[in-house]
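First up is the structure itself, then whatever we jot down about it.
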Amino acid sequence: MYERRNVETDKLEALFDEMVQKRQQIALNAGFGNYRDYMFKAMGRYDYTKEDCFQFHNAIEKAVVPLMRELMVRRKSEMGLEQLKPWDTSVDPLGREPLKPFDGGADLLSKSLNCLNSVDSWFSGCLEYMKNNNLLDLESRKGKAPGGYNYPLAESNVPFIFMNASGNLRDVETLVHEAGHAIHSFLMAPLELNSFKNTPSEVAELASMSMELISMDGWNAYFDNEAELTRAKLEQIEGVISTLPWIANVDAFQHWVYENPNHSRKERKAKWLELSARFGTGMVDYTGYEDALAYSWHKQLHIFEIPFYYIEYGFAQLGAIGMWKLYTENRTQGLESYKKALKLGYTQSIPEVYAAAGLEFNFSEKYVTDLFDFLQRTKMNFK
Numbered sequence: 001m002y003e004r005r006n007v008e009t010d011k012l013e014a015l016f017d018e019m020v021q022k023r024q025q026i027a028l029n030a031g032f033g034n035y036r037d038y039m040f041k042a043m044g045r046y047d048y049t050k051e052d053c054f055q056f057h058n059a060i061e062k063a064v065v066p067l068m069r070e071l072m073v074r075r076k077s078e079m080g081l082e083q084l085k086p087w088d089t090s091v092d093p094l095g096r097e098p099l100k101p102f103d104g105g106a107d108l109l110s111k112s113l114n115c116l117n118s119v120d121s122w123f124s125g126c127l128e129y130m131k132n133n134n135l136l137d138l139e140s141r142k143g144k145a146p147g148g149y150n151y152p153l154a155e156s157n158v159p160f161i162f163m164n165a166s167g168n169l170r171d172v173e174t175l176v177h178e179a180g181h182a183i184h185s186f187l188m189a190p191l192e193l194n195s196f197k198n199t200p201s202e203v204a205e206l207a208s209m210s211m212e213l214i215s216m217d218g219w220n221a222y223f224d225n226e227a228e229l230t231r232a233k234l235e236q237i238e239g240v241i242s243t244l245p246w247i248a249n250v251d252a253f254q255h256w257v258y259e260n261p262n263h264s265r266k267e268r269k270a271k272w273l274e275l276s277a278r279f280g281t282g283m284v285d286y287t288g289y290e291d292a293l294a295y296s297w298h299k300q301l302h303i304f305e306i307p308f309y310y311i312e313y314g315f316a317q318l319g320a321i322g323m324w325k326l327y328t329e330n331r332t333q334g335l336e337s338y339k340k341a342l343k344l345g346y347t348q349s350i351p352e353v354y355a356a357a358g359l360e361f362n363f364s365e366k367y368v369t370d371l372f373d374f375l376q377r378t379k380m381n382f383k
């Protein structure tokens with residue numbers, strides 16, 4: 001993958017040089033000093049500032065990066081390696097076969113109904129309604145477009161889920177994630193205006209990412225084997241840990257790029273490597289593949305196509321951990337809080353929606369550390 005991407009490095013660099021200059025001119029034309037400040041207004045970010053983003057970066061660096069390093073240390077030990085190479089981070093460290101939680105779309109749906117029913121019968125009722133009304137397209141087939149999403153249908157006021165199920169754990173994560181979006185759609189259905197149902201990603205992804213974690217309470221629907229169930233849950237939690245530093249890295253990079261629109265390619269490369277060291281573990285040896293790290297940002301399409309749209313997932317992931325924490329402490333109250341917040345749609349501000357769920361829209365080091373202390377304790381209980 002790196003070698004193929006490397007063929008286009010010069011083209012991508014030249015394209016991005018041009019993009020940065022055009023975006024800077026757009027900002028100047030609109031009366032802003034830089035494109036970042038312009039985009040915060042254009043994206044309707046009324047509930048947080050660039051300083052909040054910087055606080056998020058700092059909190060992830062201090063609270064999450066050390067946990068990711070621990071994962072890499074354990075991986076290195078389990079694989080019996082003196083040094084991890086980039087390709088060593090994408091395989092099962094014990095050489096186990098991939099988990100196979102289901103066989104085909106029908107089996108995935110059946111097991112997902114059982115999973116959601118064990119968490120909340122109303123959740124499974126939403127999915128059952130979608131099943132009965134032909135609102136699910138789960139099977140992978142020749143000629144089908146890639147990807148997965150939940151799409152609300154305004155006329156009928158119900159959602160539709162599209163995905164490509166191939167039989168792996170990622171498909172389970174996808175379906176419960178999209179089911180979270182669908183449940184959000186059902187909860188917002190009574191709202192009078194479609195605009196009220198058009199929630200910002202910080203709220204929309206709170207619904208879906210929370211469902212990923214809450215639904216683990218019913219993942220025995222997919223796994224009869226206790227060891228495989230534990231492995232699946234650990235992989236889910238470790239995915240949360242490893243994703244957040246990358247989100248912080250990408251977001252911090254974009255802030256720098258547009259605060260310094262006249263930077264050179266050399267300076268941009270140096271900044272990405274600096275941030276990669278800040279949000280990385282230092283455990284992976286890129287000797288002989290230095291450019292794979294230096295230009296790894298090329299693989300993040302958001303930077304090219306949807307600038308500044310990415311950190312929302314980081315904020316929502318923190319909210320989802322908090323939501324899961326409330327659920328584990330008091331299941332009934334946690335579910336009620338989840339539903340209460342999602343029913344609001346976008347009739348209130350992001351912090352107010354989070355507050356309705358019993359959560360803080362908070363990016364301080366202490367708050368993030370508390371969330372990940374909970375995550376670590378829960379992770380230890382799975383072993």
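Heads up, the sequence shown is in the numbering used here, so the first residue is 1 and it goes up one at a time. Here a beta-carbon is modelled for each residue, glycine too, at the ideal position from N, C-alpha and C.
Asked                                                                                                              : Found
Three-state class that DSSP yields for Tyr129 in the structure shown                                               : helix
Asn381, buried or exposed, once every other Cβ within 10 Å from all chains shown has been counted against 16       : exposed
Residues that DSSP places opposite Phe160 in a beta bridge                                                         : Tyr151
Cβ pair Gly345, Met163 closer than 8 Å                                                                             : no
Of the listed residues Glu8, Leu342 and Leu234, nearest to Thr378 (C-alpha basis)                                  : Leu234
Where Leu326 falls, given that 16 or more other Cβ within 10 Å makes a residue buried                              : buried
Glu274, enclosing beta strand (DSSP E) - first and last residue                                                    : Glu274 -> not in any beta strand (DSSP E); alpha helix (DSSP H) instead, spanning Arg265 to Phe279.
Three-state class that DSSP yields for Val353 in the structure shown                                               : helix
Close-in-space but distant-in-sequence residues of the same chain around Leu169 (CB under 7 Å, 5 per side omitted) : Leu99, Pro101, Ala232 and Glu235
Cβ contact check for the stretch 356 to 368 and the stretch 318 to 325: 3 or more pairs under 8 Å                  : yes
Close-in-space but distant-in-sequence residues of the same chain around Tyr310 (CB under 7 Å, 5 per side omitted) : Ile247, Val250, Asp251 and His302
For Val250, the three-state DSSP class (helix, strand or coil)                                                     : helix
Asp137 in three-state terms, based on DSSP                                                                         : strand
For His57, the first and last residue of its enclosing alpha helix (DSSP H)                                        : Lys50 to Ala63
Limits of the unbroken alpha helix (DSSP H) element including Gln25                                                : Thr9 to Asn29
Nearest-angstrom Cα separation, counted from Phe56 out to Gln254                                                   : 14 Å
Cβ neighbours of Asn6 in the same chain (closer than 7 Å, five flanking residues each side left out)               : Asp291
Beta bridge counterpart(s) of Leu67 as assigned by DSSP                                                            : Paired residue(s): none; Leu67 is not in a bridge.
Alpha-carbon to alpha-carbon, Glu97 and Asp88                                                                      : 15 Å
Start-to-end residues for the alpha helix (DSSP H) that takes in Ser201                                            : Ser201 to Ile214
From Pro152, Ser296, Trp297 and Arg69, residue whose alpha carbon lies closest to that of Glu238                   : Arg69
At least 3 beta-carbon pairs within less than 8 Å: the stretch 328 to 345 vs the stretch 19 to 28                  : no
Residues bridged to Ala165 (per DSSP)                                                                              : Glu139
DSSP-derived helix/strand/coil call for Val91                                                                      : coil
Which of helix, strand or coil DSSP assigns to Leu113                                                              : helix
Buried/exposed call for Arg75, threshold 16 Cβ in 10 Å                                                             : buried
As assigned by DSSP and simplified to three states, the class of Leu359                                            : coil
Contact under 8 Å by Cβ, Val172 with Tyr222                                                                        : yes
Length of the line joining the Cα atoms of Ser264 and Phe304                                                       : 17 Å
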